[in-house]
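Using the numbering used here, you'd call the opening residue of the sequence shown number 674 and step up by one each time. Ideal Cβ positions, reconstructed from N, Cα and C, are used throughout, including at glycine. In what follows, a structure is listed as structure tokens, so that the remarks can point back to it.
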Amino acid sequence: MDILVTGGAGYIGSHTCLELLQAGYKVTVLDNLSNSSEESLRRVQELTGKTLTFVKGDIRDRALLDKLFADNDFNSVVHFAGLKAVGESCQMPLEYYDNNVYGTVNLCMAMRDAGVKRLVFSSSATVYGDPASLPITEDFPLSATNPYGRSKLIIEDILRDLFASDEEWSIALLRYFNPVGAHESGMIGEDPNDIPNNLMPYITQVAIGKLQQLSVFGGDYPTKDGTGVRDYIHVVDLSIGHVRAIERLQGHKGVHPWNLGVGNGYSVLEMVEAFRSETEQQVPYKIVDRRSGDIAACYANPEKARTELNWQAERTLDDMVRDAWRWQSNNPNGYGHN
Ligand code: NAD
Ligand code: UD1
């Protein structure tokens, strides 16, 4: 079965391509490499011993999309392509709406015209805003507090409108919690362009000596130890969730939101301690002011994905930190020259 993967050279996309190839799918990746390197896909092919097709291009290029759909017989599209940095989205909201919202509309128009109506979309737990209670189920109210989050919410709304207009569509809204870790081979992983915004890559870069110390954003949250609590999920578990979603969409029309999380919350200090104990690397840290826009705690109720997708996260917190560290220590400069 042929699958188009937009943004497939990126962090979650490359891990998902690996799972798709291993599951026997034929994979075509469309990526403009704005935040990734083709090296990730070379390694995916090396790891699986299978080949995929890579097309360098942009989801906003309608002529290119039309040609791709005409030349292939895609069954489904897995759509990762987009910009994802919250802070940057506040500085350049138009670029975020252009890439994420316009790009997705363009992709859906090409899909509609080609008669391909199965889509797996990368949404985010950010669409729940600051939840009134925990754990979060898919029927919680949705809101956005920054342009990145709003782009995800707008896309979800567009996809709901699309299904209302044409009930032939099967759409998965995969709401990721906090993806971390790397493939256990240590050959593919997260390769942030600049100083990382997210906790896990920041921790690994402190441990390897690229950054001096971790700033823990806030020590006075109403949580177990005062630091922020999140639902960290191993990127391989998350990727397997995409394969299950594709399977489920065959024969299940509709717009289906699924939380992809573990269902446990860990604090920042628990993450630092898990990293130290698993890798024996020290991570000097200092508690500083809260980061604007952060919430105290966020974790999933993943029951709907468990029952409907027959999926649940299998990997432990120790697996997450160990695999993140293996990737970082084997590839101190990511996909650049080591
Ligand atoms: P990533 O930046 O590693 O991957 C995104 C990929 O899309 C990159 O390879 C980039 O080059 C490509 N891309 C961007 N704009 C494009 C365009 N216009 N045309 C073609 N390709 C384009 O990010 P990721 O962490 O792998 O995230 C994948 C998706 O999951 C994103 O949509 C992101 O918003 C979403 N998401 C990520 C997280 C997370 O913590 N990583 C959490 C929730 C949701
Ligand atoms: C962030 C985004 C969210 C996005 C998600 C996945 C913000 C406000 N939110 O979520 O929209 O969907 O990434 O890409 O950016 N922390 C530190 N020090 C650091 C980095 C993080 O203490 O240097 C803390 C944070 O305060 C938080 C936890 O670690 O409590 C996790 O942070 P992070 O990895 O950035 O993810 P989120 O904030 O959950």
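Local Cβ density within 10 Å of D910, reported as buried at 16 or more and exposed below that: buried
heavy atom of ligand 1 below 7 Å from L756 C-beta: Relative to ligand 1, L756 has its C-beta within less than 7 Å of a heavy atom.
Coarse secondary structure for Y801, derived from DSSP in three states: If DSSP states are grouped into helix, strand and coil, Y801 belongs with the strands.
Any 3 or more C-beta pairs closer than 8 Å across the stretch 947-966 and the stretch 989-1005: yes
DSSP-derived helix/strand/coil call for V935: When secondary structure is reduced to three states using DSSP, V935 falls in the coil class, being assigned neither helix nor strand.
Residues bridged to E851 [DSSP beta-bridge criterion]: Before going further, note that residue 851 is Asn rather than Glu in the sequence given. Per DSSP, Y905.
Touching by the beta-carbon criterion (3+ pairs, under 8 Å), the stretch 900-907 and the stretch 931-941: yes
L756 and N773 closer than 8 Å at C-beta: yes
Own chain, CB closer than 7 Å to P895, minus 5 neighbours either side, in chain order: A969
Beta-bridge partners of Y958, as assigned by DSSP: L887
Cβ neighbour criterion (16 or more within 10 Å) applied to V678: buried
Sequence ranges, alpha helix (DSSP H) only - wholly within the stretch 676-761, length at least 4: 684-695, 712-721, 735-744
Range of the contiguous alpha helix (DSSP H) that encloses V774: Counting along the chain, V774 falls outside any alpha helix (DSSP H), and DSSP gives it neither H nor E.
V945 versus G899: straight-line alpha-carbon distance, rounded: 14 Å
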